[in-house]
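Inspection log for the structure reproduced underneath, given as structure tokens.
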Amino acid sequence: MPNFSYKALGRDGKEVRGVLQAESEAAAASRIRENYPILLSISQKKEKKRPDEGSLLEMEIGSRRIKTKKLAILCSQFALTLHSGMTVAHAMRMLADQNEDKRIRKILGAAAEEVAAGSTVASALEKYSDRFPLTFIETIRAGEQSGTLERSFDRLQKFYEKSYKTTEKIKGAMTYPLFVVAVAVVVLIIVMAKVIPTLADVFADLGGTLPLMTRMLIATSHFFAKWWLLMLAVLAFLKIGSQVYGNTPQGRIEKEKIMLSLPLVGAINQMNGAAQFANTMSVLLAAGITINQAVDTTAKVMDNALLSEDVRSMREGIERGRSLVECLQGKKYFPPTMVDMCSVGEETGELEETLDNVADYYANEADYRIQRLLALLEPTMLVVLAIFAGIIVVSIYLPIFTMYDLM
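Take the position in the sequence shown, starting the count at 1, then add 158; the result is the number in our numbering.
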């Protein structure tokens, strides 16, 4: 359908400019007058598109999803403006003007014109489903249908803020161990590439038979010096190959099975999955979405493929009249205690609140276990590094002690 640019006066007397799609100029004018009493001008917009190139919006925005923190801020701003009595289209224009992110600014600006022309917020934003999560769009749609759009944005703000904090906790907890490993690898490379070859030349000039440990260290150093490029290529090949296979349906399932079966880490991944399930279901049900639709949406947004399949299989049972708890029973990858907690929520008629509490419980439990794991990991890493350092030091000093004995 062609695009029409227009200029009109609103009920408050302010001039409004915009663009909308319609079958004809008359149809466009009719839709505009539904929102603005006085139509000043309208004309068909000529579309200019260079060959093999997307629209300006697509070029500037790209295909990357909007980050969780920015979604939380955006939902908070939407809730605040709508609670103040501002219209949705006006709120979107204002937030578009104020937002520093070029992608969000472009999306909100285009969506505001569609909403002003009569489109729903969910329909306007659904065109950018590669930028916004499915949970975001479906919750907004439910909020519009039930007339509780402000509350939907409130819930989404809490949902994304909670998700962001959980992610940041995990990143923060992993920073120190990764830093220690990185420093250790750099030091090891320098020692093996520079220090050991120099000492090997010195020992060769002195003559005599070197201890076995020293000979093994020098041989390892020579091996790395000779084959480092090949080893780097092999590692790169394995990395790329594992990523390509991991992105296939079967590869993703195999990867998730390994992650869920690992000692200590498997339980943490299971708890994070339970927290994501409970949190998403709580937000969707509180927004007024039916339980079978909420289950379907939750299955699509789950990070873990095995948990996603477990959730997807629940829909058939719910459509047959079974409760959520009955469908959860026997699911291999969900913690058994979650079923008991949800059972209480169903019996008391407070399933949304119970799911919210379940999400908090498992998120906190996963965070606690991560902290415990890191508390064990740090001294273990130090012991391993000390052993490596000890082997290198002993290998270097053994020839010196041998020479002193011979003297």
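All C-beta atoms in this analysis are idealised placements derived from N, C-alpha and C, irrespective of residue type, glycine included.
Helix, strand or coil at residue 487 [DSSP, three-state] = coil
Tell me whether residue 271 is buried or exposed, calling it buried when 16 or more other Cβ atoms sit within 10 Å of its Cβ.
-> buried
Under the rule that 16 or more other beta-carbon atoms within 10 Å means buried, what is residue 360, buried or exposed?
-> exposed
For residue 176, write down the residues that DSSP places opposite it in a beta bridge.
-> 164
Would a C-beta distance cut-off of 7 Å place residue 478 and residue 450 closer than the cut-off?
-> no
From residue 209 to residue 202, what distance separates their C-alpha atoms?
-> Annotation note: pLDDT 35 at residue 209 (below 50); position unreliable, no value reported.
Would you identify the three-state DSSP class for residue 553, choosing helix, strand or coil?
-> helix
Does DSSP classify residue 216 as helix, strand or coil?
-> For residue 216, the predicted structure reports a pLDDT of 38, less than 50, and the residue's modelled location is therefore unreliable. The matter cannot be settled from this model.
Simplified DSSP state of residue 368, which is helix, strand or coil = coil
Can you find at least 3 beta carbon pairs, one from the stretch 516–524 and one from the stretch 490–506, that sit closer than 8 Å?
-> yes
The alpha helix (DSSP H) enclosing residue 475, as first and last residue numbers = 472–477
Going by beta carbon distance, what residues of the same chain come within less than 6 Å of residue 207, once the five residues before and after it are set aside?
-> Only weak support is given to the placement of residue 207: the predicted model assigns it a pLDDT of 42, under 50, and the value that follows is read from those uncertain coordinates. There are no such residues.
Go ahead and label residue 251 buried or exposed: buried means 16 or more other beta carbons lie within 10 angstroms of its beta carbon, across all protein chains shown.
-> buried
Can you pull the DSSP bridge partners for residue 201?
-> 163
With a 10 Å radius around its C-beta and 16 neighbouring C-beta atoms as the bar for buried, classify residue 337 as buried or exposed.
-> exposed
Assign residue 224 to one of three DSSP states: helix, strand, or coil.
-> coil
In angstroms, rounded to a whole number, what distance separates the CA positions of residue 294 and residue 264?
-> 18 Å
Residue 447 - DSSP class collapsed to helix/strand/coil | coil
Over the uninterrupted alpha helix (DSSP H) stretch that includes residue 312, give me the two end residues.
-> 307–348
Flag this pair as yes or no: are the beta carbons of residue 193 and residue 274 separated by less than 7 Å?
-> yes
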